[in-house]
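**Q** One structure, as structure tokens, below. Some questions next.
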Ligand code: M6R
């Protein structure tokens, strides 16, 4: 999704802006641009459709001169990706320049009004109206910051906006309205930074202020001044953000996606360490921050998320039912708010969002909060918006996830939800000490077994070669493996552009079976978790229709192997019956991630930045 960068200081702004935008490439985008202002207030813009590398090539090292500037990577919403539609956008005279994340829902009437008043438009974007609104306000005598506030007052929707004007050399203004992604102001030594996301700042500073809803900042090399919606000055103290930019490096891996798949054992270990206790057995979620008396009073659980995080939430739903013995349901964040959901103060709502910035999830959280729920979130990014809305957070400890396709945060989210369900069960007295031991022992084994599962990469790459020309692939699973089947299908769709569906295996004979023929690979998750025998029947049904069966089977399960065309072996997870099966999704999802990755490689796809996708989706 769109990325924002800004710089005010004493160094040349152009290279700094490009560098910051490169740090935001993981968000996904289809055009990029910068605007730089010199000491006299002259503004020069350079922008291009396509990747940043195209813009850099076009610049040929000749950056627009000046020490104040703004930059943007755009993911098209209004108007196709083109040079004209790329941000930044200028007003009629080239005196005001704007970049923007979000959608101006009422841009058509505003544009008509501005056209009638004589403004000229050069793009198809909604954003351009902002440059003209600010231009009008400045011509009417307003300062830049007041002009921005006045413009915001005319907009519908959620926005993150950054602007400069010739009338105020050395000044950048920034505003946040609603949940169209964040705006962060970074404090350097005699220089200041603006960004949509922390990674753009972290090589320069760790001292930052996150703009609140409807707050406006006026930023110069010397510092920042903040105002609320009414224009009153508000005091904001910068906070130190703990984040490691080195972790964002690709290291020895060809792609971030592969690096992140391979990092999973470590992420899992980090996410559970110090939280799963073994002597005596227990769960410590000290950083959760949710009041105990409210946790004790919980009578049901509602979980939501989007995409991969929704699949983690589906697995989490089963944990709350089976471990904490609480009625639990799950939904897409984007559907939750349209249900007029039944929520009260004894409902525990758990949002899952690795970025903590997905707008559908943030809106669902606001809805849950309005209805009085106890609201917890599972999140990977310290200080993300979701963590600021929730009553408590279980942080994943994965480090930045850069590849657009989520992998390591799914596995860590599953572990976090497992711990949370155990914790709630313990607090409510439904999980006693013996049961805690049973539940935690297999969790302790999971990281090393996950490492074993990942060691099968070469076999999976060979299988991927057999499958890479398929046009459709069906993924089947039952129980806890149904969300895994959905996740396997999502990964394949995202990175290889092969049409894939994840189905509950029992549903297959009620329709999808009509699709099966010798050209339809079917991935059947038939590990030993209590659903295996029924999965064997489903495999037989596929074989009877000449389908090509790839089975995920527990190591040594020759019966499943004998029925399949290909087998992906999954390590056996020992533990008390039931408890180990609960954690099997951690072991079964990893081979499916590798399968999707290698199929995409054989097909020559852009694995880390698949077409049309954004890492963080900040529009509804
Ligand atoms: O940051 P979030 O976890 O809220 O993101 C949710 C989805 O956008 C995300 O999982 C998406 O589906 C990924 N591309 C999946 O690989």
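In the working numbering, the protein residues as written are 830 to 1449.
The C-beta atom is built at its ideal place from N, Cα and C for all residues, glycine as well.
(1) I'd like to know if the stretch 1304-1314 and the stretch 1342-1357 are in contact, where contact means that at least 3 CB-CB pairs between them fall below 8 Å.
(2) Is DSSP giving residue 1247 helix, strand or coil here?
(3) With which residues is residue 841 paired in a DSSP beta bridge?
(4) Give the secondary structure of residue 1187 by DSSP, where H, G and I count as helix, E and B as strand, and everything else as coil.
(5) Keeping to the same chain, check which residues put their C-beta closer than 8 Å to that of residue 1205; ignore five residues upstream and five downstream.
(6) Start and end of the alpha helix (DSSP H) containing residue 1085?
(7) Let me know the secondary structure DSSP gives residue 873 once reduced to three states.
(8) Return yes when the C-beta of residue 1233 is under 7 Å from any heavy atom of the ligand M6R, and no when it is not.
(9) Does at least one heavy atom of the ligand M6R sit under 7 Å from the Cβ of residue 1330?
(10) Output the distance between the C-alpha atoms of residue 869 and residue 1226, rounded to the nearest integer angstrom.
(11) What is the rounded straight-line gap between the Cα of residue 1075 and the Cα of residue 987?
(12) Under 8 Å: do the stretch 844-862 and the stretch 1041-1057 share three or more Cβ pairs, one atom per stretch?
(13) Output yes or no for whether 8 Å exceeds the beta carbon distance between residue 1086 and residue 1244.
(14) Under three-state DSSP, which class holds residue 1172?
(15) Distance check for residue 853 and residue 865, CA to CA, integer angstroms please.
(16) Can you check the stretch 1284-1372 for any alpha helix (DSSP H) of at least 4 residues that lies completely inside it and give the ranges in chain order?
(17) In whole angstroms, what is the alpha-carbon distance linking residue 991 and residue 1382?
(18) Just the C-alpha distance for residue 1296 and residue 909, rounded to the nearest angstrom, thanks.
(19) Of all the options 1066, 1132, 1426 and 1214, which has the alpha carbon lying nearest to the alpha carbon of residue 1322?
(20) Grab me the residues of residue 1138's own chain with a C-beta within less than 7 Å of its C-beta, minus the 5 sequence neighbours each way, in chain order.
(21) Can you determine whether any heavy atom of the ligand M6R sits closer than 7 Å to the C-beta of residue 1253, and answer yes or no?
(22) Using the Cβ count rule (16 or more neighbours within 10 Å means buried), how would you classify residue 1258?
(23) How about residue 917 and residue 862: are their beta carbons less than 8 Å apart?
(24) Quick check on residue 1263: buried or exposed, where buried means 16 or more other Cβ atoms within 10 Å of its Cβ?
(25) Report yes if the C-beta of residue 1093 is less than 7 Å from at least one heavy atom of the ligand M6R; otherwise report no.
(26) Nearest-angstrom Cα distance between residue 867 and residue 873?
(27) Please check if any C-beta of chain C sits within less than 8 Å of the C-beta of residue 1233.
(28) Can you give the beta carbon distance from residue 1309 to residue 1424, rounded, assuming they're within the 8 Å contact cut?
(29) The ligand M6R and residue 853: does any heavy atom of the ligand fall closer than 7 Å to the residue's C-beta?
(30) Which residue or residues does DSSP assign as beta-bridge partners of residue 1398?
(31) Is it buried or exposed for residue 849, if we count other Cβ within 10 angstroms and need 16 for buried?
(32) Within the same chain, show all residues whose beta-carbon is closer than 6 Å to that of residue 1268, passing over the 5 residues directly before and after it, in chain order.
(33) Return yes when at least one heavy atom of the ligand M6R lies under 7 Å from the C-beta of residue 1194, else no.
(34) Just to confirm the assignment, what range does the alpha helix (DSSP H) spanning residue 975 have?
(35) The beta strand (DSSP E) with residue 866 in it runs from where to where?
**A** According to the data block:
(1) Contact holds: three or more Cβ-Cβ distances are below 8 Å.
(2) Start at 1 with the first residue of the chain shown, and residue 1247 comes out as number 418. Here DSSP, grouped into helix, strand and coil, assigns residue 1247 to helix.
(3) Walking along the chain shown from the start, residue 841 turns up at place 12. According to DSSP, residue 841 bridges with nothing at all.
(4) Looking up residue 1187 in the chain shown gives position 358. Note: residue 1187 maps to coil in three-state DSSP.
(5) Position 376 of the chain shown, counted from the start, is the residue given in the question as residue 1205. Within the same chain, 1117, 1119, 1177, 1178, 1179, 1180, 1219, 1220, 1221, 1222, 1223 and 1249 come within 8 Å of residue 1205 by CB-CB distance, once the 5 residues on both sides are set aside.
(6) As a working mapping, residue 1085 is identified with position 256 in the chain shown. Here the alpha helix (DSSP H) through residue 1085 covers 1085-1091.
(7) Your numbering for residue 873 matches position 44 in the chain shown. In the structure shown, residue 873 sits in a strand (DSSP, three-state: E or B).
(8) Residue 1233 sits at position 404 when you count from the first residue of the chain shown. Answer for residue 1233: yes, Cβ within range of the ligand M6R.
(9) Within the chain shown, the letter at position 501 stands for residue 1330. No, the ligand M6R has no heavy atom inside 7 Å of this Cβ.
(10) Numbered from its first residue, the chain shown carries residue 869 at position 40. Numbered from its first residue, the chain shown carries residue 1226 at position 397. Straight through space, the alpha carbons of residue 1226 and residue 869 are spaced by roughly 47 Å.
(11) Against the chain shown, residue 1075 aligns to sequence position 246. Against the chain shown, residue 987 aligns to sequence position 158. Caution applies to residue 1075, whose pLDDT of 47 falls short of 50 and renders its modelled position unreliable; the value that the coordinates give is listed next. Each residue's alpha carbon lies about 32 Å from the other.
(12) The stretch 844-862 and the stretch 1041-1057 do not touch, with fewer than 3 CB-CB distances between them shorter than 8 Å.
(13) Counted from its first residue, the chain shown places residue 1086 at position 257. Counted from its first residue, the chain shown places residue 1244 at position 415. Going by beta carbons, residue 1086 and residue 1244 fall outside the 8 Å limit.
(14) As a first step, residue 1172 must be located in the chain shown, where it is residue number 343. Coil, per DSSP.
(15) Residue mapping note: residue 865 aligns to position 36 of the chain shown, counting from 1. Residue mapping note: residue 853 aligns to position 24 of the chain shown, counting from 1. Between the alpha carbons of residue 865 and residue 853 lies a gap of roughly 19 Å.
(16) At a cut-off of 4 residues, the continuous stretches assigned as alpha helix (DSSP H) that sit fully inside the stretch 1284-1372 are 1286-1296, 1310-1325 and 1361-1372.
(17) For the purposes of this step, residue 991 is taken as residue 162 along the chain shown, with counting starting at 1. For the purposes of this step, residue 1382 is taken as residue 553 along the chain shown, with counting starting at 1. Cα-Cα distance, rounded: 53 Å.
(18) For the purposes of this step, residue 1296 is taken as residue 467 along the chain shown, with counting starting at 1. For the purposes of this step, residue 909 is taken as residue 80 along the chain shown, with counting starting at 1. Cα to Cα, residue 1296 sits roughly 34 Å from residue 909.
(19) Along the chain shown, read from residue 1 onward, the residue named residue 1322 stands at position 493. That would be 1426, whose Cα lies nearest to the Cα of residue 1322.
(20) Position 309 of the chain shown, counted from the first residue, corresponds to residue 1138. Only 1181, 1182, 1183 and 1242 meet the Cβ criterion.
(21) The residue given as residue 1253 occupies position 424 in the chain shown. Every heavy atom of the ligand M6R is 7 Å or more from the Cβ of residue 1253, so no.
(22) Position 429 of the chain shown holds residue 1258. By the neighbour-count rule (16 or more Cβ atoms within 10 Å), residue 1258 is not buried but exposed.
(23) Sequence index remark: in the chain shown, residue 917 carries index 88 (1-based). Sequence index remark: in the chain shown, residue 862 carries index 33 (1-based). The answer is yes: Cβ separation under 8 Å.
(24) Within the chain shown, residue 1263 is the residue found at index 434, counting from 1. Residue 1263 is exposed by the Cβ-count criterion.
(25) Sequence index remark: in the chain shown, residue 1093 carries index 264 (1-based). Answer for residue 1093: no, Cβ out of range of the ligand M6R.
(26) Within the chain shown, numbered from 1, the residue matching residue 867 stands at position 38. Within the chain shown, numbered from 1, the residue matching residue 873 stands at position 44. In a straight line, the C-alpha of residue 867 is about 9 Å away from that of residue 873.
(27) The chain inventory of the structure shown lacks chain C, comprising one protein chain alone.
(28) Taking the chain shown and counting its residues from 1, the one referred to as residue 1309 is at position 480. Taking the chain shown and counting its residues from 1, the one referred to as residue 1424 is at position 595. So it is not a contact: roughly 19 Å between Cβ atoms.
(29) As a first step, residue 853 is located in the chain shown; it is residue number 24 there, counting from the start. No; taking the cut-off as 7 Å, the Cβ of residue 853 has no heavy atom of the ligand M6R nearer than that.
(30) Here residue 1398 refers to the residue found at position 569 when the chain shown is read from its first residue. DSSP links residue 1398 through a beta bridge to 1382.
(31) Numbered from 1 along the chain shown, position 20 holds the residue referred to as residue 849. Classification of residue 849: buried, given that the 10 Å Cβ count is 16 or more.
(32) Reading the chain shown from its first residue, position 439 is the one you call residue 1268. For residue 1268, the CB contacts under 6 Å within the same chain, skipping 5 residues up- and downstream, are 1251 and 1408 in chain order.
(33) Position 365 of the chain shown, counting from 1, holds the residue named residue 1194. Not so, every heavy atom of the ligand M6R lies at least 7 Å from the Cβ.
(34) Counting from one through the chain shown, the residue named residue 975 turns up at place 146. Where residue 975 is concerned, the enclosing alpha helix (DSSP H) stretches over 973-983.
(35) Here residue 866 refers to the residue found at position 37 of the chain shown. The continuous beta strand (DSSP E) containing residue 866 extends over residues 860-866.
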